[in-house]
Every structure is written in structure tokens, then in C-alpha cells.
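Heads up, the thing below is written out as C-alpha cells.
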Amino acid sequence: MTERVHIICHRESGGGKGKKVLFEAQRILTGFNVDYLTYYTDYATHAYSLAQSIVMRGHKPYTHKLLVIGGDGTLHEVVNALHQSNLNIPLTYIPAGTGNDFNRAWQNNKSIREIIETMIYARTAVKIPIFTYEESVTQSSGVILNSMGFGFDAETNYAASRLPFGNFLKKLGLGSLTYFFAIFTTLNKIKSFDVELLVDNKPIQIQNCNLLSIMNNPFFGGGIRLDNLCEPDKAEISILAVHDITAKGVIDLLPRILVTQTQHESPYTSRYTGQNIQIRLNKSIRGQVDGEDLTSIEADLTLGLSEFYFYL
């Protein structure tokens with residue numbers, strides 16, 4: 001039986017939605033007579049350190065649960081902290097961000113009450129595939145829950161976080177529209193780069209690449225199905241490359257991605273899947289992982305499969 005819930009909450013996620021979701025979650029837990037402690041994130045990477053602190057000092061397996069309220073970035077930090085510390089502690093997640101792609105892929109937009117009831121009463125957690133990465137240039141490593149991208153998707157993600165009316169849309173509950181606006185404001189910033197891939201020991205060269213995305217579910221930017229063939233529960237790494245983009249290519253691809261979901265049939269896309277993948281870029285390109293910006297570098301990545309447990 002659940003005795004206590006440790007809540008990590010990013011209150012300002014989703015333009016302040018985090019606070020409202022937290023209040024409702026606390027109300028439901030009180031109704032179930034479940035004790036809870038709340039920890040607020042105050043800066044970037046704070047969720048990472050909070051997660052480590054909670055499980056090292058006050059978390060009891062089986063009777064204590066760990067609940068994350070925030071966006072995909074907050075969830076990414078907590079999973080990263082636990083995975084890098086080799087702590088196999090199941091998580092519960094209530095979405096309160098702008099994108100909420102993890103929720104869309106795995107929770108089927110369940111209500112807050114449904115998510116909490118699953119956390120309290122489920123006897124076992126669900127094991128889901130995640131990816132790990134090691135980047136040799138910056139000597140960094142971490143996990144990928146939803147996606148890692150370089151090029152146009154990362155530029156779109158960056159632009160979305162800086163739209164002057166972005167916070168206004170979030171407060172109206174229209175935060176996912178920021179990504180659609182950002183797509184069009186970023187079209188004039190499309191860059192090309194070359195990619196060397198090694199997919200399960202098979203070498204692949206991609207020239208004039210404009211977007212390279214490592215996908216663990218189909219979604220990007222709050223519901224845009226970037227890789228319509230990606231299956232979240234399938235333990236494989238999916239790579240989607242968009243290349244040789246011209247004005248004609250943009251006209252071809254945008255309706256395929258946003259409307260017809262036929263991007264895999266476009267001559268401007270290539271898709272690869274594997275269990276172990278190496279990626280090398282020939283120039284410094286902006287990147288993102290689970291919606292969080294990465295330093296622009298000539299990335300040299302090694303990707304692998306792993307797993308994590310959630311109450312879903």
C-alpha cells in the first residue's frame with residue numbers, strides 16, 4: 001500500500017499549469033488519505049538533483065512513490081538522474097508542460113485521477129524502452145525518452161521557447177501552437193550538414209541533411225507526428241533524416257507531416273532502425289533532447305537501448 005508520495009513539481013511549466021495540476025493532485029491524494037511531500041524546482045537541472053536527494057535520503061521501496069509534475073524536460077531530468085545512479089525506481093508522471101509528448105505516447109491522455117489511482121493500486125510497473133547516449137566531444141551522456149534531434153527540429157524547438165507571444169498561448173492552454181508558429185519562423189534558417197551513421201555495424205552516409213531525429217515515439221513539439229512509423233513499445237532506435245530540402249521540398253513535406261502522415265514516402269526523407277547506432281556530424285549544429293537545448297557541436301554520438309519503469 002502506498003504510504004507516501006514524493007512529488008517533484010515544476011510549477012511554472014505550461015505557463016503556470018504546473019501549479020494547477022499540483023493542487024488537483026494534492027487534493028486527490030488527500031482524498032485517498034495518502035501522505036505526500038512536495039519539492040519545487042527553482043532552476044534548470046533542479047529536478048535532477050531533487051530526484052537524487054529524495055531517493056538517497058527518504059525514499060522507501062514499495063511503500064513510497066515518486067511523482068513528477070511538469071513538462072517533458074522535467075521528466076527527462078528525473079529519469080536521467082535515476083538511470084545514471086543505477087536506481088531502478090518506477091515513476092509516475094502527470095503532464096503539465098507545453099509538448100507533453102511522453103503523455104501522448106504512453107498515457108493516452110488519462111485524467112489526473114486515473115494516473116494517481118494507477119500509481120496507488122498498481123501491483124507492478126510497466127517497463128518501457130528508452131535510449132542512452134554518450135557524446136565524445138563534450139564528454140556528456142544521458143537518456144532519451146522522446147527524441148533527440150539536430151538541425152531543423154532543434155531550431156524549431158529553440159524558436160518555440162523564445163516566441164514573444166509563447167507564454168500568452170501557454171496561459172490560454174494553446175502552448176502546442178508555439179511549435180507550429182516556430183516551424184514557419186524557422187524555415188529561413190534551414191541549414192545543411194553531412195552525417196556518418198553506423199547502424200548495427202552498417203555504415204551509411206547522408207549528405208545535405210537538414211534534420212536528423214532520433215525517435216523513441218512518433219511525436220515532437222506537442223503532437224506533431226514527425227516519425228509516423230515509430231512504435232513507442234518497440235525496442236529499437238529509429239532515425240529519421242530529412243535531406244536535400246529546397247522550396248519544393250518544403251511544399252512536399254509540410255502537408256505530409258502535418259496532414260497526411262505520408263512523410264516516409266517522400267524522396268526528401270530516409271529512415272533507419274537499429275539496436276546500436278553511432279552518429280557523427282561534420283559541423284556544429286544545434287541539437288535538442290526531449291525538448292531541451294543542446295550545445296551546438298560537431299556531435300559524435302553512441303546510442304544504445306535501455307529500459308525504465310513507469311506506473312502507466
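The opening position of the sequence shown corresponds to residue 1 in the UniProt record's numbering, with each subsequent residue numbered one higher. Even glycine gets a Cβ: it sits at the ideal position worked out from N, Cα and C.
**Message:** Taking 8 Å as the threshold (C-beta atoms), are I112 and I94 in contact?
**Reply:** Numbered from 1 along the sequence shown, position 94 holds the residue referred to as residue 94. Numbered from 1 along the sequence shown, position 112 holds the residue referred to as residue 112. It is a contact, given that the beta carbons lie within the stated cut-off.
**Request:** Determine the direct distance from the alpha carbon of D101 to that of Y36, and round the result to whole angstroms.
**Result:** Numbered from 1 along the sequence shown, position 36 holds the residue referred to as residue 36. Numbered from 1 along the sequence shown, position 101 holds the residue referred to as residue 101. Approximately 26 Å, taken between the alpha carbons.
**Message:** Given a cut-off of 8 Å on the beta-carbon distance, is the pair T273 and E236 in contact?
**Reply:** By 1-based counting over the sequence shown, the position of residue 273 is 273. By 1-based counting over the sequence shown, the position of residue 236 is 236. Yes; because the gap between Cβ atoms is below 8 Å, this pair is in contact.
**Item:** Cβ-Cβ separation, A96 to V34 (assumed contact under 8 Å), whole Å
**Value:** Taking the sequence shown and counting its residues from 1, one reaches residue 34 at position 34. Taking the sequence shown and counting its residues from 1, one reaches residue 96 at position 96. The Cβ separation is near 20 Å, so there is no contact.
**Request:** Could I get the ranges of all uninterrupted alpha helix (DSSP H) runs contained in the region 228-278, with 4 residues as the minimum, in chain order?
**Result:** 247-255
**Nearest-angstrom Cβ-Cβ length linking G142 and I285, presumed shorter than 8 Å** = Within the sequence shown, the letter at position 142 stands for residue 142. Within the sequence shown, the letter at position 285 stands for residue 285. No, G142 and I285 are not in contact; Cβ-Cβ is about 18 Å, not under 8 Å.
**Item:** Residues that DSSP places opposite F219 in a beta bridge
**Value:** One-based indexing of the sequence shown puts residue 219 at position 219. According to DSSP, which records beta bridges pairwise, F219 is partnered with R225.
**Asked** With DSSP run on the structure shown, which of helix, strand or coil describes I115?
**Response** Walking along the sequence shown from the start, residue 115 turns up at place 115. Three-state DSSP puts I115 in a helix.
**Request:** Starting from the C-beta of L281, find all residues in its chain whose C-beta is less than 7 Å away, skip the five residues before and the five after it, and write them out in chain order.
**Result:** On the sequence shown, residue 281 is found 281 positions in, with the first residue counted as 1. Correct list, in chain order: F150, F193, V195, E298, A299.
**Item:** Secondary structure, beta strand (DSSP E): runs of 3+ residues fully inside the region 150-205
**Value:** 193-199
**Message:** Can you give me the C-alpha to C-alpha distance between residue 372 and T2, rounded to a whole angstrom?
**Reply:** What the structure shows of the chain is the stretch from 1 to 312, and residue 372 is not part of that stretch, so it cannot be assessed.
**Asked** Do Q107 and L312 come within 8 Å of each other at the CB atom, strictly closer than that value?
**Response** Mapped onto the sequence shown, residue 312 falls at position 312. Mapped onto the sequence shown, residue 107 falls at position 107. In contact: L312 and Q107 (Cβ atoms closer than 8 Å).
**Prompt:** Can at least three beta-carbon pairs, one atom from the region 66-76 and one from the region 9-19, be found at a separation below 8 Å?
**Reply:** yes
**Prompt:** From this set, T98, P90, N216, which residue's C-alpha is nearest K17's C-alpha?
**Reply:** As a first step, residue 17 is located in the sequence shown; it is residue number 17 there, counting from the start. K17 has its Cα closest to that of T98, out of T98, P90, N216.
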